[in-house]
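Reminder that position 47 of the sequence shown reads as 171 in this note's numbering, one-by-one numbering, no gaps.
Backbone N, C-alpha and C define an ideal beta-carbon position, used for all residues, glycine too.
Let me begin by presenting the structure, written as structure tokens, before commenting on it.
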Amino acid sequence: MKDDYASVDRTVVLSTFLYTFSFAHIFIGIVFSYLSTDLYYYYTAEDSYIEYFTAFILLATSLLCFYRASATGIKLPKLFFYAAAVIFFLGFGEEMSWGQRTFGYETPDDLKEINAQKEFNLHNIHLAGINLNKLIFGKVLYTCVFIYFLGFPILYRYKQWFRNLINKLNFPIPTTMQSLLYFLAFFSILFIREGEKWELQEFALASFIFFSFLLHSNTYVKRQSNNT
């Protein structure tokens with residue numbers, strides 16, 4: 125019993141620190157956007173503070189998923205977490221343009237012709253009049269994100285078939301607090317007066333995906349199943 129209380133206390137402290145850390149950076153970005161356009165762009169530009177933090181969070185989520193996959197002996201969760209680890213690592217690479225600006229290598233000519241920013245990445249490709257960034261990493265991604273943070277917790281609570289499927293995969297479900305805070309962060313960023321909001325939106329999304337994978341609401345269910 126004491127171990128359970130200690131675990132809860134550690135979780136509360138960790139979650140409070142992580143949420144405060146994330147919102148502090150979002151708040152700073154909002155303040156910068158009103159105080160100085162130059163300061164805001166410096167804070168959110170490519171190869172700047174927020175982009176590097178977003179990339180680091182994606183990498184941390186990938187490593188967390190890889191650890192979870194390695195730690196379980198159950199086939200379905202192992203496959204899910206290995207796949208998630210690959211996806212988040214791809215997100216990390218795309219965010220950093222696979223180290224192109226860091227290491228200074230050139231974009232292949234064929235890719236340069238269809239990449240809006242002439243960079244070594246996929247999300248800035250314009251092909252047959254389609255902007256992949258807006259389509260896949262905009263509309264599709266955020267539709268999935270809203271379903272994840274809003275729909276999945278409701279289905280998990282009220283639909284037994286969905287709960288059984290989630291428990292078989294050990295799929296992380298966001299807590300009510302995480303969902304509320306993510307939507308608060310998302311809509312708060314809309315108050316930015318000047319400049320692009322995308323980098324802060326990416327930071328908020330990466331942060332709360334990491335939080336939900338690290339401190340998900342179905343942790344207790346998993347512990348119970350492991351003890352039986």
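Sequence-distant residues of the same chain with beta carbon closer than 7 Å to residue i, five excluded per side
{"i": "residue 158", "result": "317"}
{"i": "residue 216", "result": "179, 182, 183, 186"}
{"i": "residue 315", "result": "154"}
{"i": "residue 212", "result": "182, 185, 186, 189"}
Distance between residue j and residue i (C-alpha atoms, nearest Å)
{"i": "residue 209", "j": "residue 288", "result": "23 Å"}
{"i": "residue 135", "j": "residue 264", "result": "32 Å"}
{"i": "residue 201", "j": "residue 185", "result": "16 Å"}
{"i": "residue 274", "j": "residue 303", "result": "7 Å"}
{"i": "residue 196", "j": "residue 204", "result": "11 Å"}
{"i": "residue 339", "j": "residue 298", "result": "8 Å"}
{"i": "residue 137", "j": "residue 199", "result": "33 Å"}
{"i": "residue 141", "j": "residue 335", "result": "11 Å"}
{"i": "residue 352", "j": "residue 282", "result": "Reliability of the predicted coordinates at residue 352 is poor, the pLDDT of 40 falling under 50, and the value obtained from them is presented with this limitation in mind. Distance between the alpha carbons of residue 352 and residue 282 is about 23 Å."}
{"i": "residue 320", "j": "residue 219", "result": "16 Å"}
Opening and closing residue of the alpha helix (DSSP H) in which residue i lies
{"i": "residue 288", "result": "284-293"}
{"i": "residue 222", "result": "Careful: residue 222 lies outside any alpha helix (DSSP H) and carries neither H nor E."}
{"i": "residue 304", "result": "300-313"}
{"i": "residue 328", "result": "322-338"}
{"i": "residue 161", "result": "161-168"}
{"i": "residue 269", "result": "265-270"}
Nearest-angstrom Cβ-Cβ length linking residue i and residue j, presumed shorter than 8 Å
{"i": "residue 293", "j": "residue 143", "result": "In fact, because the Cβ distance is near 26 Å, the residues do not count as touching under 8 Å."}
{"i": "residue 313", "j": "residue 325", "result": "6 Å"}
{"i": "residue 156", "j": "residue 309", "result": "Their Cβ separation, rounded to whole angstroms, is 16 Å, which puts residue 156 and residue 309 out of contact at 8 Å."}
{"i": "residue 164", "j": "residue 172", "result": "Not really, about 10 Å apart at Cβ, beyond 8 Å."}
Cβ-heavy atom distance, residue i to the ligand MN, below 8 Å
{"i": "residue 333", "result": "This structure lacks the ligand MN; in fact it carries no ligand of any kind."}
Neighbourhood of residue i by C-beta, 8 Å cutoff - its chain only, sequence neighbours within 5 removed
{"i": "residue 150", "result": "309, 312, 313, 324, 327, 328"}
{"i": "residue 206", "result": "189, 190, 193"}
Beta-carbon proximity list for residue i, same chain, < 6 Å, skipping 5 on both sides
{"i": "residue 300", "result": "none"}
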